[in-house]
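Let me begin by presenting the structure, written as structure tokens, before commenting on it.
In full-length UniProt numbering, the protein residues as written are 1 to 195.
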């Protein structure tokens with residue numbers, strides 16, 4: 001997919017020679033400023049779900065969580081809108097929805113700490129997690145990581161500015177299980193006619 005013109009792309013691998021097109025500096029700068037502030041406030045906490053997620057992503061995918069996934073497509077990183085760009089972006093959309101469900105239940109998935117292990121690219125959420133919120137946050141993160149592991153990473157979608165995301169935003173209800181069909185009990189035979 002071609003990137004829209006007039007957009008600045010930042011890469012941690014850049015050698016300092018940045019190309020800036022007209023009017024794009026403030027959007028990208030604000031996005032990375034927000035990420036830096038969030039990272040600073042989160043990293044100051046001794047325990048954090050985001051740190052757990054970072055270690056989980058890196059152990060399973062072999063990619064840097066921050067450099068590879070923050071800012072990928074329309075949903076990986078902070079917020080999101082529009083139609084996800086590819087399967088990796090759909091994984092991030094599903095994760096956003098999973099976190100939203102936790103927020104709706106009164107959980108704080110960005111800061112709830114949980115215990116987990118990663119062995120041979122398999123994630124296990126500990127049954128010893130302190131709260132149900134911790135356990136569910138771990139399960140959301142585990143689902144994301146397993147989803148990312150199965151998808152093809154597209155460098156073209158890395159560091160994509162959300163302002164270019166278009167199309168309808170998928171509703172989180174698409175991840176809900178379908179309601180079970182209501183089964184009517186079999187009709188009993190008619191009672192015998194009176195003599």
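Positions of the beta carbon are idealized from the N, C-alpha and C atoms, including for glycine.
- Task: Specify whether the segment 104-115 and the segment 124-139 touch according to this definition: at least 3 beta carbon pairs, one from each stretch, less than 8 Å apart.
- Result: Flag = yes, the segment 104-115 and the segment 124-139 touch.
- Could you have a look at residue 117 and say whether DSSP puts it in helix, strand or coil? Assignment of residue 117 by DSSP, reduced to helix, strand and coil, places it in the strand class.
- In angstroms with no decimal places, state the Cα-to-Cα distance between residue 88 and residue 147. 8 Å
- DSSP state of residue 165 mapped onto helix, strand, coil: The DSSP-derived three-state label of residue 165 is coil.
- Taking the continuous alpha helix (DSSP H) assigned at residue 57, which residues delimit it? 49-61
- Item | Straight-line gap, residue 99 to residue 61 (C-alpha atoms, nearest Å) | 21 Å
- Item | Close-in-space but distant-in-sequence residues of the same chain around residue 102 (CB under 7 Å, 5 per side omitted) | 109, 133, 136, 137, 140
- Can you tell which of 92, 175, 104 has its C-alpha closest to the C-alpha of residue 78? 92
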